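**Q**
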Amino acid sequence: MFMPIIEIKNLTKKYNGLTAVDGLNLEVQEGEIFGLLGPNGAGKTTTLMMLTTLVKPTSGTALVGGFDIVKNPADVRRSIGIVFQDPSSDEILTGYENLKLHGMLYGMPAKLREERIKEVLELVELTERKNDLVKKYSGGMRRRLEMARGLMHHPKILFLDEPTLGLDPQTREHIWKYVDDLVQKEKITVIITTHYMDEADKLCDRLAIIDHGKISALDSPAKLKQVVGGDVVVLKTKNPNLENIKKLEFVKKIQTKDDIVSLTVTNAGEHLPEILAAIGKVESVEVHLPTLEDVFLHYTGRAIREASGEGGWAEKVMAFRAKK
Amino acid sequence: MNIQNELVGILAVWYREFKVFLREKSRIVGSIVTPVLWLLIFGGGLGSSVSISGLNYQAFIFPGILTQAVLFSSVFFGVYIVWDRKVDFLKEVLVAPISRTSIFIGKVVGGTTDALLQSLILLVIGWIFGYFGIIPGLHITIFSFFLAILVLFITTTSLVSIGLIVGSQMESPEGFQLISSFLIFPLFFLSGALFPINNLPAWLAPFTFLNPITYCVDALRNVILGTAQFSLAHDLVIMAIFTVVAIAVGTYSFKKMKV
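Chains Y and C, in that order, give the protein sequences. Numbering follows my numbering, in which position 2 of the first sequence is assigned residue number 2; successive positions increment by one, without gaps. Numbering follows my numbering, in which position 161 of the second sequence is assigned residue number 485; successive positions increment by one, without gaps.
1) Tell me whether Y/Val-70 sits in a helix, a strand or coil according to DSSP, three-state version.
2) By alpha-carbon positions, which one of Y/His-271, Y/Asn-239 and Y/Asn-40 ends up nearest to Y/Lys-252?
3) Residues in the same chain with beta-carbon distance under 6 Å from C/Asn-546, minus the five sequence neighbours each way, listed in chain order, please.
4) Beta-carbon within less than 6 Å of C/Ala-336's beta-carbon, same chain only, minus the 5 sequence neighbours each way: which residues are those?
5) When the Cα atoms are used, what is the spatial distance from C/Ile-466 to C/Ile-449?
6) What residue range does the alpha helix (DSSP H) around Y/Asn-353 cover?
7) Answer yes or no: do Y/Leu-235 and Y/Ile-254 have a C-beta to C-beta separation smaller than 8 Å?
8) Find the residues of chain C that neighbour Y/Phe-296, judging by a C-beta separation of less than 9 Å, and give them in chain order.
9) So, with DSSP's three-state summary, where would you put Y/Gly-81?
10) Classify Y/Ala-217 as buried or exposed, calling it buried when 16 or more other Cβ atoms lie within 10 Å of its own Cβ.
11) Determine the contact status of C/Ser-515 and C/Val-541, defining contact as a CB-CB distance below 8 Å.
12) Could you spell out where the beta strand (DSSP E) holding Y/Asp-219 opens and where it closes?
13) Quick check on C/Leu-384 - is its C-beta less than 8 Å from some C-beta in chain Y?
14) Spell out a yes or no on whether the stretch 361–368 of chain C and the stretch 136–145 of chain Y are touching, meaning 3 or more CB-CB pairs, one atom from each, closer than 8 Å.
15) Tell me which same chain residues have a C-beta within less than 7 Å of the C-beta of C/Ile-548, skipping the five on either side of it?
16) So that I know if they touch, is there some Cβ in chain Y lying closer than 8 Å to that of C/Asn-326?
17) So what's C/Tyr-339 in DSSP terms, helix, strand or just coil?
18) List the DSSP bridge partners of Y/His-154.
19) Are any of the Cβ atoms in chain C nearer than 8 Å to that of Y/Leu-51?
20) Could you tell me which whole beta strand (DSSP E) segments of length 3 or greater appear in the stretch 457–525 of chain C?
21) In chain order, what residues of the same chain lie with their CB nearer than 8 Å to the CB of Y/Val-55, ignoring the 5 residues before and after it?
22) What number of angstroms, rounded off, separates the C-alpha of Y/Leu-182 from the C-alpha of C/Ala-564?
23) So which residues of chain C does Y/Val-55 contact, with C-beta pairs closer than 9 Å?
24) Using a beta-carbon distance below 8 Å, is Y/Gly-107 in contact with chain C?
25) Which whole runs of the alpha helix (DSSP H) in the stretch 359–431 of chain C are 4 residues long or more, in chain order?
26) Listed in chain order, which residues of the stretch 113–147 of chain Y have Cβ atoms closer than 7 Å to some Cβ of chain C?
27) Mind reading off the beta-carbon distance from Y/Arg-129 to Y/Met-152? Whole number of angstroms is fine, and I expect it under 8 Å.
28) Contact criterion: CB-CB distance below 8 Å. Does Y/Phe-67 meet it with respect to chain C?
29) Within 8 Å of any Cβ in chain Y, is that where the Cβ of C/Lys-343 sits?
30) So which of Y/Glu-186, Y/Gly-213, Y/Ile-188 and Y/Ile-175 has the shortest CA-CA distance to Y/Lys-202?
31) Round the Cβ separation of C/Leu-338 and C/Val-433 to the nearest angstrom and send it over; I've been treating them as touching at under 8 Å.
32) Just curious, the alpha helix (DSSP H) that Y/His-288 is in, first and last residue?
33) Taking the DSSP output, what are the residues bridged to Y/Phe-34?
34) According to a CB-to-CB cut-off of less than 8 Å, which residues of the stretch 415–431 of chain C neighbour chain Y?
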C-alpha cells in the first residue's frame, strides 16, 4: 500500500500582498514521479522552495518525509535532494570537487563520500570528465552533475525544478531517461516542476495543474486527457459556420480564438467529412488525440503558452513574422 | 544539531573558498601588486618631501598599506556572496542540513585565510624591502611578524563579517561598485593609514576615532614600527569588541537572509 511521503496542508505564500501560492492541499505518494505543471509564475517554484525549507510559508505547512517544514527544517533538509532551476554548481571547481563539497556539507564520512561520488558519476556518465572544471561542461552535463549531486546523499525525495529548461531536445530526452531509471533503481520519490507539457506527460505518474497558485486539476496524465472527452480537431478558417457545427451531436465542445476553431469530437476520424462539410471553407485542419495542452486549456480556459511569459512572447514574434 | 556535522560543514565551506582562492591567480597577483605600488610609488613620491616623527614615510605607511590590502580583500570577499546568489549556488549551500551559523563561520574562516595569506606575503615583501634598505627604517622581526599576523587576524575576521552582512542584504550585484565608494574608501582614508592621527583637525578627529580600522593601523604601527597613539592592549580590546559585534550581526543577518 502506498503511503503519502509529502502532505501539503493549506500551504500559502504571500509576497507584499501578492498571493504566489494560495492554500495548497496535496498528497504525494511514496515512489511516484509527481509533476507540478503550470505556466511561469503559477507558483510552482515557490511551492518547491517552501517544501525544501528555503522559503518560509506565510501560513499552512507540509510534512516532507514525515517532518514538518516549519518545525523541523533540518530534518527535512536531510531527507531531500534538489536540483535547482538555475545552475547551482560552482564553475571554478571541478565536477569531482563539487560533489566532494556536497558530501562534506551533508556530513558524509570520507570513505562513504568517495564511494558515492564514484557511484553517482557512473550513473550520470561523467566519470571521465570529473576532473574538468564545471566551466567547461555543456549545459546538459552540468544538469547531470547537479542531478548526481542531488542524489549523492541518497535522499528519500528528489525535487527537480524545471530540469530541462533551456536544454536541447536530445539532452532533454536523456535527462528524462535518467530520471526514469533513477526511480527504478533508487526507489525514490521525485517531485518535478515543469511548464513543458510533453515532459509532464512522458515522465509523471500523476500531476497537478497549477494556475495562479491553486490546483486546477490533479490526476494521472492519461486520466486528465480523458477529461477532455474526445479527440481534438483544430481548424483554421476565416468564416466558420458555427451554427452548423453546434447541431452536430458528436461535437462536445467548441472553442474559438481569432481564426482558430478548436473542437472536441468523439471519433474524429469517422466524423471529419461531416465537420468539414458543416463548417465551410477552411485553410487547414489538424486532428490529434488530446494532449496536456488541451487539458490545460480545458481547465484554465487559456493555452499554457499564453499564460507563460516567454512562450507568449515567442508566439507573438512568430505571429509578427507571419504577418510580414 | 550534530556538532561533528557542523564542523565538517564549516570545513566544507572553507574548502570551497580555498580552492577558489587558489584558482583565481589573477586576484592573488593583484592583491599583492597594488599594495606594493602604493608603497613604492605613492610612498616614495610623497616620502621624498615628507617624514613623520623621524620615520621614513614609506616605513610609516607600511602598516597602513597592509591594512588597506586586507580591508579591500576581506570586505570584497564577503560581498562576493552576491554572485553565489546570482546563480543558485548559494541555495545549494543553504539547503544542506547544516545551520546557517556554520555556513557563516565557514565563510569567515575562508575569507580570513585568503587575507592572512596575502598579509603573509606582504610582510615578507616588507621584510625584504627593509633588509635590503629599499625602505629605510622598516625592520620586521620574527616577533613583530607574529604580532602583526595576530592583529590582522582579528581585523580580517571582522571585515569579512562586515562584507558578508552587506552581501547578505544585497539582492543583486548592481550596487557592488558602491561598496568601494561608500564603505571601503571611507574606512581606509579615515583610518590614518596615510597620516599620523595625533594632530588631526577637529572635524576629522571624531570620524577617525570612531573608525575601528584606525585601531588596527595603530596596533600594526605599534608592533612593526614601535610608534603608536594608543597602547597595544587598548587597540586590541577595541578591535576584539568590534569583531564580536560584527560576527554577531553577521550571524543574525545570515539567519534572516532570503534566498
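Every residue, glycine too, gets a C-beta built ideally from N, C-alpha and C. Please read all numbers here as calculations on a predicted model, not as lab measurements.
**A** The structure says:
1) Counting from one through the first sequence, the residue named residue 70 of chain Y turns up at place 70. Residue state, collapsed to three classes: coil.
2) Taking the first residue of the first sequence as position 1, residue 252 of chain Y is located at position 252. Closest by alpha carbon: Y/His-271.
3) In the second sequence, counting from the first residue as 1, residue 546 of chain C sits at position 222. These residues qualify, in order along the chain: Ala-552 and Leu-556.
4) The count along the second sequence starts at 1 and reaches residue 336 of chain C at position 12. No residues qualify anywhere along the chain.
5) If you number the second sequence from 1, residue 466 of chain C lands on position 142. If you number the second sequence from 1, residue 449 of chain C lands on position 125. If I take the Cα positions, the gap works out to 14 Å.
6) For residue 353 of chain Y there is no data in the structure shown, the boundaries of chain Y being 1 and 324.
7) Counting from one through the first sequence, the residue named residue 235 of chain Y turns up at place 235. Counting from one through the first sequence, the residue named residue 254 of chain Y turns up at place 254. Cβ distance not < 8 Å, so Y/Leu-235 and Y/Ile-254 don't count as in contact.
8) Counting from one through the first sequence, the residue named residue 296 of chain Y turns up at place 296. Within chain C, no residue comes near Y/Phe-296; the closest Cβ sits about 27 Å away, beyond 9 Å.
9) Mapped onto the first sequence, residue 81 of chain Y falls at position 81. Three-state DSSP puts Y/Gly-81 in a strand.
10) Residue numbering aside, residue 217 of chain Y sits at position 217 when the first sequence is read from its first letter. Label assigned to Y/Ala-217: buried.
11) For the purposes of this step, residue 515 of chain C is taken as residue 191 along the second sequence, with counting starting at 1. For the purposes of this step, residue 541 of chain C is taken as residue 217 along the second sequence, with counting starting at 1. A contact, by the Cβ cut-off of 8 Å.
12) Against the first sequence, residue 219 of chain Y aligns to sequence position 219. First-last of the beta strand (DSSP E) with Y/Asp-219: 214–219.
13) Here the question's residue 384 of chain C lines up with position 60 in the second sequence. Position check: residue 384 of chain C holds Phe in this sequence, whereas Leu was assumed. By this cut-off, C/Phe-384 is not an interface position.
14) no
15) The residue you call residue 548 of chain C lines up with position 224 of the second sequence. Closer than 7 Å at the Cβ level, and outside the excluded window around C/Ile-548, lie Phe-386, Pro-387, Ile-464, Ser-468 and Ala-472.
16) The count along the second sequence starts at 1 and reaches residue 326 of chain C at position 2. C/Asn-326 counts as touching chain Y.
17) The count along the second sequence starts at 1 and reaches residue 339 of chain C at position 15. Helix at C/Tyr-339.
18) Numbered from its first residue, the first sequence carries residue 154 of chain Y at position 154. BP columns for Y/His-154 are empty, so no partner.
19) Within the first sequence, numbered from 1, the residue matching residue 51 of chain Y stands at position 51. No, its Cβ sits nowhere closer than 8 Å to a Cβ of chain C.
20) none
21) Looking up residue 55 of chain Y in the first sequence gives position 55. Once the five neighbours on either side are set aside, the close Cβ partners of Y/Val-55 are Lys-13, Thr-46 and Met-49.
22) Along the first sequence, one-based indexing puts residue 182 of chain Y at 182. Along the second sequence, one-based indexing puts residue 564 of chain C at 240. Going from the Cα of Y/Leu-182 to the Cα of C/Ala-564 covers about 52 Å.
23) As a position in the first sequence, residue 55 of chain Y is number 55, starting the count at 1. What Y/Val-55 touches in chain C: Lys-582 and Val-583.
24) Counting from 1 along the first sequence, the entry for residue 107 of chain Y is found at position 107. Closer than 8 Å to some Cβ of chain C, the Cβ of Y/Gly-107 qualifies, so yes.
25) 367–371, 381–403, 405–410 and 413–418
26) none
27) Counted from its first residue, the first sequence places residue 129 of chain Y at position 129. Counted from its first residue, the first sequence places residue 152 of chain Y at position 152. Actually they do not touch by this definition, with Cβ atoms about 17 Å apart.
28) Stepping through the first sequence from its first residue, residue 67 of chain Y is reached at position 67. So, not an interface residue.
29) In the second sequence, the residue the question calls residue 343 of chain C occupies position 19. Yes, its Cβ sits closer than 8 Å to a Cβ of chain Y.
30) Mapped onto the first sequence, residue 202 of chain Y falls at position 202. For Y/Lys-202, the nearest C-alpha among the options comes from Y/Ile-175.
31) Counted from its first residue, the second sequence places residue 338 of chain C at position 14. Counted from its first residue, the second sequence places residue 433 of chain C at position 109. Reading off the sequence, residue 338 of chain C comes out as Trp, not Leu. That pair is a contact at about 5 Å.
32) Here residue 288 of chain Y corresponds to residue number 288 of the first sequence, with the count starting at 1. Looking at the DSSP string, Y/His-288 is not in any alpha helix (DSSP H); the run it does join, the beta strand (DSSP E), is 284–288.
33) Along the first sequence, one-based indexing puts residue 34 of chain Y at 34. For Y/Phe-34, which the question treats as bridged, DSSP gives the partners Y/Ile-191 and Y/Arg-206.
34) Lys-415, Glu-416, Val-417, Leu-418, Val-419, Ala-420, Pro-421, Ile-422 and Ser-423
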